[in-house]
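> Mind having a look at this structure? Questions to follow.
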Amino acid sequence: MSKAKSLVIVESPAKARTISKFLGADYVVEASIGHIRDLPKGSKELPEQYKKESWAYLGVNVDDDFQPVYIVPADKKKHVTKLKQQLKECDALYLATDEDREGEAISWHLHEVLKPKVPVHRLVFHEITKEAIQNALSNPRQIDEALVRAQETRRILDRLFGYDVSQLLWKKVGPKLSAGRVQSVAVRVIVERERDRMAFHSATYSDLLATLTAAANAQFDAGMVSYEGRRLPSGKDFDAATGKIKDPSLLLMNEQQASELAAKLKEATFNVASVEEKPFREKPKPPFTTSTLQQEANRKFGFTARRTMQVAQSLYENGYITYMRTDSTTLSKEAVKASRDLVLQEYGADFLHPDERTYSTKVKNAQEAHEAIRPAGAPFQLPQNLRSKLSDEQFRLFDLIWKRTIACQMSDARKKRMTVTVEAAGALFQASGTTIEFEGFLRAYVEGSDNPADAIAQQEVLLPPMVQGQVLECKALTAKSHTTQPPARFTEASLTRTLEEKGIGRPSTYASIIDTIQQRDYVFKKGNALVPSWTAFSVIRLLEEHLGTLVNYDFTAQMEDYLDEISRNEKGFLEYLQNFYFGDAAERLLAAAEAEAGTEGTAVRQPGAPAPTGLRPLLASKVQEIDPRVTSRFSLGAPEEGEFKEEVFVRVGRYGPFVEQGERKASLPDMLPPDEVSLTKALELLADAAKGDEPLGHCPDTGKPVFIKTGRFGPYVQLGHPDEEEKPKNAGLMKGMQVEDVTLDVALKLLSLPRNLGPHPESQEDVVASNGRFGPYVKCGTETRSLPAEVSPMDVSLEQALALLAQPKAAGRGRGAKKEPIKTFDPSPVTSAPVQLLEGRYGPYVTDGETNASLPRDMKQEDLTFEQALDLLAVRAAAGGSKKKKKAKKAPAKKKAAKKTTKKAAKKAPAKKKAAKKKASKKKASPAASDVAAEES
Numbered sequence: 007m008s009k010a011k012s013l014v015i016v017e018s019p020a021k022a023r024t025i026s027k028f029l030g031a032d033y034v035v036e037a038s039i040g041h042i043r044d045l046p047k048g049s050k051e052l053p054e055q056y057k058k059e060s061w062a063y064l065g066v067n068v069d070d071d072f073q074p075v076y077i078v079p080a081d082k083k084k085h086v087t088k089l090k091q092q093l094k095e096c097d098a099l100y101l102a103t104d105e106d107r108e109g110e111a112i113s114w115h116l117h118e119v120l121k122p123k124v125p126v127h128r129l130v131f132h133e134i135t136k137e138a139i140q141n142a143l144s145n146p147r148q149i150d151e152a153l154v155r156a157q158e159t160r161r162i163l164d165r166l167f168g169y170d171v172s173q174l175l176w177k178k179v180g181p182k183l184s185a186g187r188v189q190s191v192a193v194r195v196i197v198e199r200e201r202d203r204m205a206f207h208s209a210t211y212s213d214l215l216a217t218l219t220a221a222a223n224a225q226f227d228a229g230m231v232s233y234e235g236r237r238l239p240s241g242k243d244f245d246a247a248t249g250k251i252k253d254p255s256l257l258l259m260n261e262q263q264a265s266e267l268a269a270k271l272k273e274a275t276f277n278v279a280s281v282e283e284k285p286f287r288e289k290p291k292p293p294f295t296t297s298t299l300q301q302e303a304n305r306k307f308g309f310t311a312r313r314t315m316q317v318a319q320s321l322y323e324n325g326y327i328t329y330m331r332t333d334s335t336t337l338s339k340e341a342v343k344a345s346r347d348l349v350l351q352e353y354g355a356d357f358l359h360p361d362e363r364t365y366s367t368k369v370k371n372a373q374e375a376h377e378a379i380r381p382a383g384a385p386f387q388l389p390q391n392l393r394s395k396l397s398d399e400q401f402r403l404f405d406l407i408w409k410r411t412i413a414c415q416m417s418d419a420r421k422k423r424m425t426v427t428v429e430a431a432g433a434l435f436q437a438s439g440t441t442i443e444f445e446g447f448l449r450a451y452v453e454g455s456d457n458p459a460d461a462i463a464q465q466e467v468l469l470p471p472m473v474q475g476q477v478l479e480c481k482a483l484t485a486k487s488h489t490t491q492p493p494a495r496f497t498e499a500s501l502t503r504t505l506e507e508k509g510i511g512r513p514s515t516y517a518s519i520i521d522t523i524q525q526r527d528y529v530f531k532k533g534n535a536l537v538p539s540w541t542a543f544s545v546i547r548l549l550e551e552h553l554g555t556l557v558n559y560d561f562t563a564q565m566e567d568y569l570d571e572i573s574r575n576e577k578g579f580l581e582y583l584q585n586f587y588f589g590d591a592a593e594r595l596l597a598a599a600e601a602e603a604g605t606e607g608t609a610v611r612q613p614g615a616p617a618p619t620g621l622r623p624l625l626a627s628k629v630q631e632i633d634p635r636v637t638s639r640f641s642l643g644a645p646e647e648g649e650f651k652e653e654v655f656v657r658v659g660r661y662g663p664f665v666e667q668g669e670r671k672a673s674l675p676d677m678l679p680p681d682e683v684s685l686t687k688a689l690e691l692l693a694d695a696a697k698g699d700e701p702l703g704h705c706p707d708t709g710k711p712v713f714i715k716t717g718r719f720g721p722y723v724q725l726g727h728p729d730e731e732e733k734p735k736n737a738g739l740m741k742g743m744q745v746e747d748v749t750l751d752v753a754l755k756l757l758s759l760p761r762n763l764g765p766h767p768e769s770q771e772d773v774v775a776s777n778g779r780f781g782p783y784v785k786c787g788t789e790t791r792s793l794p795a796e797v798s799p800m801d802v803s804l805e806q807a808l809a810l811l812a813q814p815k816a817a818g819r820g821r822g823a824k825k826e827p828i829k830t831f832d833p834s835p836v837t838s839a840p841v842q843l844l845e846g847r848y849g850p851y852v853t854d855g856e857t858n859a860s861l862p863r864d865m866k867q868e869d870l871t872f873e874q875a876l877d878l879l880a881v882r883a884a885a886g887g888s889k890k891k892k893k894a895k896k897a898p899a900k901k902k903a904a905k906k907t908t909k910k911a912a913k914k915a916p917a918k919k920k921a922a923k924k925k926a927s928k929k930k931a932s933p934a935a936s937d938v939a940a941e942e943s
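Take a look at the structure:
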């Protein structure tokens, strides 16, 4: 390699490929594949000299100005060696990672690890175009230490919060839970909405809908708004907590009263009391920020936040859009001109706003570090010209960004609203219509709709021309009943919007936060709605009642403010970390006094003194104070009738939530939303569980009782009691089978599985019928065949099983002949093996021969590109898996002399094991990486 070359390092292989097209042969472009260095995931990864330190589990020396211990993960060492080797053969280093906190930190870590002896330049650009790259090369800068410090402070904060608070949750709620600076607040938002739904009392009210005809048989509907001077209520007039009407002077009718009034008004004359017309304008929305793009892609395409960011990342790295992590709505002069030129070209002068539109971000804590998300370069490429170069998902997202960017420089839409009031025997009806007089920006883009033409048609509600005093014909008068609805649950889009409005998190955090809270089972999806689990309720109650500051919305937003001030060199980081972790100066003095007295915790603290302010002393004071039986129990009330009058509770146990009433208990089914767990529902579950205590009968062979029970995964049958020495045998119900279908005979057949049908006539091996994870099947030796839907494993005969086993094996779930790849791409730049898309047991995945990466659920196989496949593999490799297993060579057996174990030694061995186990348990646990998620990507 020539000494004249320069090494350019970016984050991803896709970005490297795109940039290399613009730089030519004088540059070697490589990818770091994300961070090459990070905090250790636990004390096991720490260098040996730190492992015995009290702070080892954190990976941050909290006793020495919060010095982080950085390590190069094992799976990155080979790649770092490669980068070092390439740098030796180059005479300059260009660090071209993204211009945000994470990107700046990646560049800093590269500089620290590679230790370059050649000139180092920092390249920054907001779009990957030839002009932007050339401009960045002409104007390099140094690494921004303030941005690096802000990222490092954020990383340390997340580690301190996540690891220490998570351990408290393990002790007081359950294992494998996690807490996070933004994650926990996001869960609180969702839990609070569910509480509102649980406290909600619905109300029912009725009104009338009149179908009226004006001249020329023009028909329209009008709703009744008042009768004899009394206004009819709408949903907002009812108290959500009681279901009662707020203003008793309103006319509240039930359906019968409304029907009686309809009959009374049928013979009345309907005439136009007033016609009011008001013109108004609608302005276009600003160009996309990260969060508004996520929200709109979720509404229009059903994309998750994670999927939107993956597709946007691929568009950015291939040079089609500007940087996709931004909370700015501003556009460069070049972009404004490109947008306005396209408006003239595509829509004409009438659709161009007379002045250049500018937009300011109204979001709390916006950083304004970049432009808004827009098409890259100038002039913008037309979406139709890129159709063949983009996957379906890429094209749809690019088209969305293109239209929103163009629309922001277009004319206002001019509309007219017409309100008609109709009078009939003391009853007033109203109808509203909207006409679009000039489409303006709506010609290009309508928020929340895929098709602007259809959306414009839906926005127009036309009323026939009418004048005051005009008599109308009433075609129909219908009584309509309405029920008030509880507040809607959050979707990914509305949660993102709410977090942004509260100033919680950053554009780069929302996708990872939403993923994390679902992975931790704090939240599950019902349709598009995010539903909190009872575990989330328990965790949030504990945090609110004992660590309230940590999930306070203003406090969390202020933390974001402080990190921004650090990034601008306006504040120092050390004092903030000390105050956050150890408390203010007075708190630290008290802690020192307690430590000196050997009474760390609360012994030196005077009675009635305020609670500790720092995270460490606060957690120390709470370990004994928190009673998990209280934080994990939620009252549903006590029944007023029936045999059992005790209070009913939902309790979050170590193995899932359940309802209890005195000694009675019943599992809560998975995926049952908390707002549906009413007292009535709980009593039903308890009654069903009680039935499960009564046997269906007794097994004629063993004499043991046979029960049908309901667990968290559904109904099942059980043979025997759990308190017997032998573990009772269980069997799940067959697919489609209902509890009421299960008789003693059916239960015994289920418990008989797997059934031995007899020997195979050729191999003499047993033929067995069973019900497995993927459905019923028959097996003989290593051969298996699925049973047809109409054949039950409880009834299948040996002859039927033999006929199935004689048939060729159907492909599926990794069985049978090796499958052909769904797609085969070019060789991988990492392994040189072809990149393939394969169908696996758990769905499609890509592989380069060494690393496997599953396709995201919302990514279509046919849309997968080579670049996307490489990105998925790079992300998976950076995360430390999933490597293909290599067959280990069997080492030749070594002959060893047999050692005699004396009785004395045999007695000592268990004692040594016990002592070692006791010693290990004393070591402070360090959360695994899977248990505590990073807050930012």
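Each residue of the sequence shown is one higher than the one before, starting from 7 at the first, in our numbering. Every residue, glycine too, gets a C-beta built ideally from N, C-alpha and C.
So who's on the other strand from F444, going by DSSP bridges?
R420
> With DSSP as the reference, please indicate the residues paired to L13 in a beta bridge.
V34 and L99
> Give me the Cα-Cα distance between L642 and F655, rounded to the nearest whole angstrom.
Cα atoms of L642 and F655: separation of roughly 5 Å, rounded to the nearest angstrom.
> Give me, in chain order, the residues of the same chain whose beta-carbon lies closer than 7 Å to that of T555; leave out the 5 immediate sequence neighbours on both sides.
F561
> Let me know the secondary structure DSSP gives K21 once reduced to three states.
helix
> D877: buried (16+ other C-beta within 10 angstroms of its C-beta) or exposed?
Its Cβ being crowded by 16 or more others within 10 Å, D877 is buried.
> Starting from K83, trace the alpha helix (DSSP H) both ways and give me its first and last residue.
Per DSSP, K83 belongs to the alpha helix (DSSP H) from A80 to K94.
> Within 10 angstroms of the Cβ of A355, are there 16 or more other Cβ atoms? Answer buried if so, exposed if not.
exposed
> Could you check if K906 is buried or exposed, using at least 16 other CB atoms within 10 Å of its CB as the buried criterion?
For K906, the predicted structure reports a pLDDT of 40, less than 50, and the residue's modelled location is therefore unreliable. A value from the coordinates is still provided. Its Cβ having fewer than 16 others within 10 Å, K906 is exposed.
> Can you check which of these residues, Y783, Y528 and T716, is closest to I196 by C-alpha distance?
Y528
> Could you spell out the range, first to last residue, of the beta strand (DSSP E) harbouring S776?
Here the beta strand (DSSP E) through S776 covers D772 to G778.
> Straight-line CA distance for K250 to F244?
5 Å
> In the DSSP output, what is V852 paired with across the bridge?
L843 and A859
> Tell me whether W294 is buried or exposed, calling it buried when 16 or more other Cβ atoms sit within 10 Å of its Cβ.
First, the amino acid is wrong: residue 294 is Phe here, not Trp. Per the 10 Å Cβ criterion, buried.
> Roughly how many angstroms lie between the CA atoms of Y233 and A264, to the nearest whole one?
11 Å
> Can you name, in chain order, every residue of its own chain whose Cβ lies under 7 Å from the Cβ of A62, other than the five neighbours on each side?
S49, L52 and Y56
> Identify, in the order they occur along the chain, each residue of the same chain with its Cβ nearer than 6 Å to the Cβ of E479, setting aside the five sequence neighbours on each side.
T219
> Indicate the three-state DSSP secondary structure (helix, strand or coil) for F131 in the structure shown.
coil
> Would DSSP call N67 helix, strand or coil?
strand
> Count the other CB atoms within 10 Å of the CB of T830; is the residue buried (16 or more) or exposed (fewer)?
When all chains shown are included, T830 counts as exposed.
> Look up T502 in the DSSP assignment and give the residues it is bridged to.
In the DSSP assignment, T502 is bridged to no other residue.
> List the whole-angstrom C-beta distance separating H115 from I149, where the pair is believed to meet the contact cut-off of C-beta under 8 Å.
Incorrect: roughly 10 Å between the Cβ atoms, too far for contact.
> Can you name the residues that DSSP bridges to F655?
S641 and E666
> In angstroms, rounded to a whole number, what distance separates the CA positions of L505 and A192?
7 Å
> Could you check the C-alpha separation between P181 and V836 for me, to the nearest Å?
38 Å
> Is L947 near F496, with beta carbons less than 8 Å apart?
Past the boundaries of the shown model lies residue 947; the chain is included only from 7 to 943, so the question cannot be answered.
> Rounded to whole angstroms, how far is the Cβ of S366 from the Cβ of T335, which I believe are closer than 8 Å?
7 Å
> Under the rule that 16 or more other beta-carbon atoms within 10 Å means buried, what is N777, buried or exposed?
buried
> Alpha carbon to alpha carbon, how far is V68 from L174? Give it in angstroms, no decimals.
19 Å
> Which of helix, strand or coil does DSSP assign to P623?
Residue state, collapsed to three classes: helix.
> Locate the alpha helix (DSSP H) running through N145, then write down its first and last residues.
Counting along the chain, N145 falls outside any alpha helix (DSSP H), and DSSP gives it neither H nor E.
> Kindly indicate the opening and closing residues of the beta strand (DSSP E) around G229.
Q225 to Y233
> Cα separation between S60 and E302?
47 Å
> Would you kindly work out how many angstroms separate the C-alpha atoms of R313 and P862, rounded to a whole number?
8 Å
> Within the continuous alpha helix (DSSP H) that includes T411, where are the two ends?
D398 to A413
> Which runs of the beta strand (DSSP E), 3 residues or longer, sit entirely within the segment 468-546?
477-489, 529-532 and 535-538
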